[in-house]
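In terms of our numbering, the sequence shown opens at residue 326 and continues consecutively.
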Amino acid sequence: MARIEAIIGRKVKRDISQMTEWTKGNLARAAEAIVNTPNAHVGIVTGLYIQHAEPPSPETDGLGGMAHLAAGLVNAGIPVTVITDAPCAKAVWAVVDALPAPVNLEVVSTTESSVLRLRQYLETGDRPITHLIAIERVSPGSDGKPHREHGWNMLRETAPLHLLFSDPVAKRRWYTIGIGDGGNEIGMGSLPKEIIESRIPNGKVIAATTPVDSLIVAGVSNWGGYGLLAAMACTKPALRDALLRYFNRDMDRRFLSAAVETGQAVDDSQVDNPGRPQMSVDSIPWEQHAALLEEISAVVARRSQADHPGCWAGG
Numbered sequence: 326m327a328r329i330e331a332i333i334g335r336k337v338k339r340d341i342s343q344m345t346e347w348t349k350g351n352l353a354r355a356a357e358a359i360v361n362t363p364n365a366h367v368g369i370v371t372g373l374y375i376q377h378a379e380p381p382s383p384e385t386d387g388l389g390g391m392a393h394l395a396a397g398l399v400n401a402g403i404p405v406t407v408i409t410d411a412p413c414a415k416a417v418w419a420v421v422d423a424l425p426a427p428v429n430l431e432v433v434s435t436t437e438s439s440v441l442r443l444r445q446y447l448e449t450g451d452r453p454i455t456h457l458i459a460i461e462r463v464s465p466g467s468d469g470k471p472h473r474e475h476g477w478n479m480l481r482e483t484a485p486l487h488l489l490f491s492d493p494v495a496k497r498r499w500y501t502i503g504i505g506d507g508g509n510e511i512g513m514g515s516l517p518k519e520i521i522e523s524r525i526p527n528g529k530v531i532a533a534t535t536p537v538d539s540l541i542v543a544g545v546s547n548w549g550g551y552g553l554l555a556a557m558a559c560t561k562p563a564l565r566d567a568l569l570r571y572f573n574r575d576m577d578r579r580f581l582s583a584a585v586e587t588g589q590a591v592d593d594s595q596v597d598n599p600g601r602p603q604m605s606v607d608s609i610p611w612e613q614h615a616a617l618l619e620e621i622s623a624v625v626a627r628r629s630q631a632d633h634p635g636c637w638a639g640g
């Protein structure tokens with residue numbers, strides 16, 4: 326588990342070393358919380374909308390991690406509901422549509438009332454949500470507004486889905502997990518704010534205020550999704566093959582292609598250079614993400630070989 330944490334916690338653009346150090350052990354706790362719960366039903370919240378991109382679309386990060394988690398969980402018999410908002414709906418739907426098995430998709434408008442109606446549904450459905458994961462989903466900062474890494478206010482184009490994780494006037498009924506890489510995502514409110522303010526550019530403005538039960542910090546948020554799926558496979562050997570059936574580079578390319586070609590998800594969006602649909606995540610070409618996925622898969626394979634010496638044929 327420590328090896329997986331080290332792989333997904335590699336530095337990319339920001340110095341996240343203090344963040345990953347503070348959250349050590351959270352990956353294992355999150356994995357155990359899901360696979361050890363009878364009749365689990367996992368919700369996954371994703372979508373980070375970039376208003377000034379060409380075209381305006383959500384970014385590619387978060388979508389692939391969501392897809393691998395959803396594909397693995399459903400194949401292991403754990404139902405999944407993917408949740409996003411209207412501005413991100415096209416890209417999220419495109420990736421959900423590319424999954425090897427169907428999952429539920431819930432889309433809210435950008436209003437608080439829409440989010441509250443969804444929360445009531447998730448609490449009272451035929452099989453209520455037991456765990457809620459946010460991956461690359463922005464949280465309000467100390468001023469009550471969500472911000473991009475540059476400090477730009479995203480309030481107008483972002484649904485307050487953080488209310489599903491932390492609402493002072495409602496009792497939360499599910500275990501919460503946050504996956505992020507920049508300090509402004511749901512879950513980062515669990516960190517001492519001084520870490521984000523002192524180590525992350527624009528930290529005093531963007532630092533998230535929404536906490537979670539388990540926070541996973543990664544160099545790229547998608548990697549956190551990879552790591553959580555692998556951690557569940559290590560935690561529950563009986564589910565390993567089912568969880569990891571689709572955990573490979575071909576499927577990863579399929580998910581990213583759907584996001585970019587059908588959903589028009591964008592990457593490399595800077596203040597002076599609007600993002601565009603392309604086969605990269607956080608300015609890193611797809612091939613490098615696929616290589617990291619395979620590195621994580623190899624760690625799980627070695628664990629499997631240790632569990633069953635003499636019975637491992639590789640793969």
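The beta carbon of each residue, even a glycine, is placed where N, CA and C say it ideally should be. Small disclaimer: the values here were computed from a predicted structure and weren't measured.
(1) Would you mind stating whether residue 623 and residue 326 have Cβ atoms separated by less than 8 Å?
(2) Which one of 614, 587, 616, 615 has the shortest CA to CA distance from residue 602?
(3) For residue 513, tell me which candidate among 338, 332, 347 has the shortest Cα-Cα distance.
(4) Here's a check: name, in chain order, each residue in its chain whose Cβ is nearer than 8 Å to the Cβ of residue 615, leaving out the five neighbours to either side.
(5) Quick one: complete alpha helix (DSSP H) runs, 4+ long, within the segment 327-406?
(6) Just to check my reading of the structure: residue 385 and residue 585 have Cβ atoms closer than 8 Å, yes? What is that Cβ distance to the nearest angstrom?
(7) Give a yes or no on whether the C-beta atoms belonging to residue 406 and residue 368 are separated by under 8 Å.
(8) Buried or exposed for residue 638, going by 16 or more other Cβ atoms inside 10 Å?
(9) Quick one: measure Cβ to Cβ for residue 464 and residue 534, integer angstroms, because I've assumed they're closer than 8 Å.
(10) Grab the span of the beta strand (DSSP E) containing residue 431 for me, first residue to last.
(11) In angstroms, rounded to a whole number, what distance separates the CA positions of residue 476 and residue 562?
(12) If you measure between the beta carbons of residue 437 and residue 599, is that distance less than 8 Å?
(13) What are the boundary residues of the beta strand (DSSP E) that includes residue 540?
(14) Could you give the first and the last residue of the continuous beta strand (DSSP E) run that contains residue 550?
(15) Give the range of the alpha helix (DSSP H) segment to which residue 457 is assigned.
(16) Check whether the segment 432-448 and the segment 476-488 are in contact - that is, three or more C-beta pairs closer than 8 Å.
(17) Applying the criterion that 16 or more other CB atoms from any shown protein chain within 10 Å of the CB defines a buried residue, is residue 361 buried or exposed?
(18) From 336, 358, 548, 366, pick the residue whose C-alpha is nearest to that of residue 450; which is it?
This is what the structure gives:
(1) no
(2) 587
(3) 347
(4) 574, 577, 578
(5) 327-333, 342-347, 351-360, 388-400
(6) 7 Å
(7) yes
(8) Since pLDDT at residue 638 reaches only 32, below the 50 mark, its modelled position is unreliable, and no value is offered.
(9) 6 Å
(10) 429-433
(11) 43 Å
(12) no
(13) 539-542
(14) Element bounds for residue 550: not the beta strand (DSSP E) but the alpha helix (DSSP H), 546-560.
(15) Unbroken run through residue 457 is the beta strand (DSSP E), 456-460; no alpha helix (DSSP H).
(16) yes
(17) exposed
(18) 366
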